[in-house]
Amino acid sequence: MIKFRVHKTLHTAEGIMPLDISFELEHGKLLSIYGNSGVGKTTILRILAGLTSAENLQIEVDNEVWDDSEKNIHLAIKKRSVGFLFQDYALFPNLTVKENLAFALNKNDDKKLVDELLELMELQQLQSTKPLELSGGQQQRVALARAIVRKPKILLLDEPLSAVDDEMRFKLQDYILKTHQQYKLTTILISHHLPEIFRLADHVMMIDKGKIIKEGSPSNVFAEQRISSKFKVIGEIIAIKKSDIIYIISVLSANNIIKVIATEDEIVNFKVGQKVLVASKAFNPLIQAIP
Amino acid sequence: MIDLQPFWLTFKLAIITTIILFIIAVPLAYWIAYSRMRYKAIVEAIVSLPLILPPSVLGFYLLIAFSPENSFGIFLNKYFNIRLVFTFEGLVVASVLYSLPFMVNPILSGLKNLPASLQEASFTLGKSKLTTLIKIILPNIRTSLLTGIIMTFAHTVGEFGVVLMVGGSIPKETKVVSIAIYDEVESMNYHNANIYALILFVFAFLILITVHIINNNSKTRLY
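Heads up: the protein sequence lines correspond to chains H and X, in order.
Per this note's numbering, the first sequence starts with residue 40, numbered consecutively.
Per this note's numbering, the second sequence starts with residue 223, numbered consecutively.
Structure, rendered in structure tokens:
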């Protein structure tokens, strides 16, 4: 169980913004943090890892106090059992793939785990390669594997899938799910991508201007409850085309493009790039904007 | 036949200075790069001072400070039995101060260009600051380290003003090549001055070519 409570004054481009977040997360769950850029998502992960300090902070992980600003407790970064997947992956350019993983081992650790992870992430062929020679997706797998070598209590993923194409994204989501389940990790994932959150997360926290504005299961947070539907898909509008007197809206969800018909009155609510919910009752697909 | 002794002395001075400066500069640059102290700028200014200060100014102050007539000189003499005026040891101390920016600045710029996430990743993988420095930071700024080493070595070889002020021109003790050239010219011995000068000229040119080759290749071929 993770208990987290923070108050910190952030200095952003738009001025001072207080970050006030508190949450509890059960062991083995996957929490996703959702929100626009610059609302303090990365800061939350950094605070958990001990990389950033805060004026008022309480962190407790499995009954062990990591931070308590009132009692002046601040556990050193290296003593925190976290795996941190950085946005830029932060692979060590001077070490090979295998050495990057082995670097995370302590003296008495079982070296087999490195081989096990190389196999799980399908990296055996690349183990002697230096990170700069790898593609984005490969680097990401190495970084994910490295973050897990210490079998951390918490795995922190800072928007890991933002820089890869859709096909790779789908595969990498599989790797994240696989490791999350196989090593029984408690994972916190920052993501902008709704299909990803629906696929991976047990719980979502929507953050805006340093506050939690909504939380719950993904379908509770993102979908309007009042629609009782046969199916629901969350996606992003990639095109709006006029065809005679109606409009065709193309919505991308995971790897599928769904085409939905809309009238001229309806179209004013939509624009390309907008996140929408497509639902269907018996016949008519229904398209609705989501916040 | 010209006397090669000044060359050996020069290279001995340059090697010792480079080793001492490397040991000092790594922790100093690390502190400057990552410290959040307010008076950091003062330390940075002091490190860079020899770049602007005429060597004779630095040499003059060192001469005064090291003088056995003054308190610091007396202190060194009494407690450590060290004399720094007109001795090789004095040259080493002066060279270390004079070449400080040539070692510190390249290392500092290497550290500043290194993504902070590399260190942070190492910390989150359970490693101490020292392990991170030795296994991650230094290997990843090795171009900067090499540049610092070469520049310090070359700069020490090319010293004149400080060496003349602190060391004078004592054969086998403080008479380095640049001083030897000056002596030969003063005694109208242009032939010998020419040979010394030509050797230094070629040496300096080769050093700079090496530095530029390293820098040009570092982005593409370092790993």
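No residue lacks a Cβ here, since even glycine has one placed at the ideal position from N, Cα and C.
Asked: Around the C-beta of Gln102 of chain H, are 16 or more other C-beta atoms found within 10 angstroms, so that it is buried, or is it exposed?; Found: Note that residue 102 of chain H is Asn in the sequence shown, not Gln. So Asn102 of chain H ends up on the exposed side.
Asked: Taking the C-alpha atoms as reference points, what is the distance between Glu381 of chain X and Phe324 of chain X?; Found: 13 Å
Asked: Rounded to the nearest angstrom, what separates Ser293 of chain X and Val398 of chain X at their Cα positions?; Found: 28 Å
Asked: Taking DSSP as the reference, what is the three-state secondary structure of Arg265 of chain H?; Found: The predicted position of Arg265 of chain H is uncertain, since its pLDDT is 48 and thus under 50; a value taken from the coordinates is nonetheless stated next. It is coil, neither helix nor strand.
Asked: Buried or exposed for Ile98 of chain H, going by 16 or more other Cβ atoms inside 10 Å?; Found: buried
Asked: Using 8 Å as the threshold, is the C-beta distance between Gln346 of chain H and Leu239 of chain H below it?; Found: Coverage of chain H is limited to positions 40 through 330, which leaves residue 346 of chain H absent and any answer about it impossible.
Asked: Does the beta carbon of Phe43 of chain H sit closer than 8 Å to a beta carbon anywhere in chain X?; Found: no
Asked: Over what stretch of residues does the beta strand (DSSP E) that includes Ile297 of chain H continue unbroken?; Found: Asn295 to Ala301
Asked: Return the chain-ordered list of same chain residues with a C-beta closer than 6 Å to the C-beta of Phe43 of chain H, the five sequence neighbours on each side being excluded.; Found: Phe62 and Ile98
Asked: Could you spell out the range, first to last residue, of the alpha helix (DSSP H) harbouring Phe237 of chain H?; Found: Leu233 to Leu239
Asked: Please name the residue in H:Met40, H:Asn75, H:Leu70 and H:Thr82 whose C-alpha comes closest to that of His50 of chain H.; Found: H:Thr82
Asked: For chain H, check one thing: does any of its Cβ atoms lie closer than 8 Å to the Cβ of Ala255 of chain X?; Found: no
Asked: Helix, strand or coil for Tyr301 of chain X per DSSP?; Found: helix
Asked: Answer with buried or exposed for Phe66 of chain H, where buried requires no fewer than 16 other C-beta atoms within 10 angstroms of its C-beta.; Found: The identity of residue 66 of chain H in the sequence shown is His, whereas the question assumes Phe. It counts as exposed.
Asked: Among all the DSSP beta bridges, which residues are the ones paired with Asp59 of chain H?; Found: H:His46 and H:Lys250
Asked: Looking at the C-beta of Ala267 of chain X, does it have a partner C-beta in chain H at a distance below 8 Å?; Found: no
Asked: Suppose only complete runs of 4+ residues qualify. What are the alpha helix (DSSP H) ranges in the region 129-173 of chain H, listed by chain order?; Found: 136-142 and 151-159
Asked: Which same chain residues, not among the five before or five after Gln163 of chain H, have their C-beta less than 6 Å away from its C-beta?; Found: Leu157
Asked: Just to confirm, is the Cβ distance from Leu216 of chain H to Pro170 of chain H under 8 Å?; Found: no
Asked: Cβ-heavy atom distance between Ile288 of chain H and the ligand GDP below 7 Å?; Found: This structure lacks the ligand GDP; in fact it carries no ligand of any kind.
Asked: Where does Thr225 of chain H land, buried or exposed, given buried means 16+ other C-beta within 10 angstroms?; Found: buried
Asked: When Cβ atoms are compared, which residues of the region 87-110 of chain H fall closer than 9 Å to chain X?; Found: Ala88, Gly89 and Leu90
Asked: Pick from X:Gly348, X:Asn303 and X:Gly389: whose alpha carbon is nearest that of Phe310 of chain X?; Found: X:Gly389
Asked: Is there a C-beta anywhere in chain H that falls below 8 Å from the one on Pro337 of chain X?; Found: yes
Asked: Gln179 of chain H lies in the alpha helix (DSSP H); which residues open and close that run?; Found: Gly175 to Ile187
Asked: What three-state label does DSSP hand His219 of chain H in the structure shown?; Found: helix
Asked: Determine the chain A residues that contact Leu340 of chain X at a beta-carbon separation under 7 Å, and present them in chain order.; Found: Any reference to chain A falls outside this structure, whose protein chains are H and X.
Asked: Taking the C-alpha atoms as reference points, what is the distance between Glu138 of chain H and Leu87 of chain H?; Found: 26 Å
Asked: Quick one: any contact between the region 365-375 of chain X and the region 257-277 of chain X, if contact means 3 or more CB pairs under 8 Å?; Found: no
Asked: Between which two residues does the beta strand (DSSP E) holding Thr225 of chain H run?; Found: Thr225 to Ile229
Asked: Looking only at its chain, what residues have a beta carbon closer than 7 Å to the beta carbon of Leu165 of chain H, apart from the 5 residues adjacent to it on each side?; Found: Val136, Leu173 and Gln177
Asked: Look at the Cβ atom of Val188 of chain H, then the Cβ atom of Ala143 of chain H, and state whether they are nearer than 8 Å.; Found: yes
Asked: Compare the C-beta of Ser350 of chain X against all C-beta atoms of chain H and say whether one is closer than 8 Å.; Found: yes
Asked: By a C-beta neighbour count over all protein chains shown, 10 Å radius and 16 as the cutoff for buried, is Glu206 of chain H buried or exposed?; Found: exposed
Asked: For Gly79 of chain H, which three-state DSSP category applies?; Found: coil
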